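Residue numbers for the sequence shown follow my numbering, beginning at 1088 and rising by one.
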Amino acid sequence: MARKTTKRPKAAARPKSAARRTPAAPKKVQAVPAGYHTVTPYLTVNDGAGALEFYKRAFGAREAERMPGPGGKLMHAELRIGDSVVMLSDEFPGMSTCKAPKSLGGTTGSIFLYLADVDPAFRKAVEAGCKVLMPLTNMFWGDRFGKLEDPFGNQWTMATHVEDVTPDEMRRRAADAMARMGQH
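Shown next, in the form of structure tokens:
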């Protein structure tokens, strides 16, 4: 006679004690997040929302992030200009040692933009409201180069590299340029 077998139900899996669990390896992250570069400019302004809109018109920036802060100010924002990120925030008096150029009465640096064709980009920025500090000029080091100031007091240098210049030729041209500057 065939023997009848019955299946026993499996015992419920017992939870492993926390002490016996192997912790998951920490997730590896990139030190510099994807889409960013090692150096990222961070601007402080007095009208963050206005600056975002202006940089879109003047420099073709694309807004990537906007974090509102107290009182309608921007705590943090990120723009993409070409392949680079520019971060910015409103000045928060009493909360930061970082001041907007308008509060300082000037700026201590500028943003340098290399572009495929600087002439139309420079015109676009001027038409949007930038003030020309230095008109576009072919410089001795091989760039077509100009400098602007935006309505928020930040300075923007714009250039297209138009010529590779050897170190010897650059020294000669630099000496000529300095001599001409001394004549004015």
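Just so it is clear, CB atoms sit at the ideal spot from N, CA and C, and this is done for glycine as well. Values in this document were obtained by computation on a predicted structure and should not be read as measured data.
For leucine 1139, the three-state DSSP class (helix, strand or coil):
helix
Would you tell me roughly how many angstroms separate the C-alpha atoms of phenylalanine 1227 and methionine 1257, rounded to the nearest one?
6 Å
Should alanine 1242 go down as buried or exposed, given a rule of 16 or more other Cβ atoms within 10 Å for buried?
Note that residue 1242 corresponds to glutamine in the displayed sequence, not to alanine. Buried.
Per DSSP, the bridge partner or partners of alanine 1145
DSSP, once it has assigned bridges, lists no residue as partnering alanine 1145.
So leucine 1223 packs on glycine 1216, CB below 8 Å; how close in whole Å?
17 Å between Cβ atoms; not a contact.
Residues bridged to glutamine 1242 [DSSP beta-bridge criterion]
Ser1197, Glu1236
Under DSSP, the beta strand (DSSP E) around glutamate 1250 begins and ends at which residues?
Run containing glutamate 1250: none; DSSP gives neither H nor E here.
Throw me the rounded Cβ distance for the aspartate 1187 and glycine 1240 pair, which I believe falls under 8 Å.
First, the residue type needs correcting, since residue 1187 is alanine and not aspartate in the sequence shown. Indeed they touch by this definition, with Cβ atoms about 7 Å apart.
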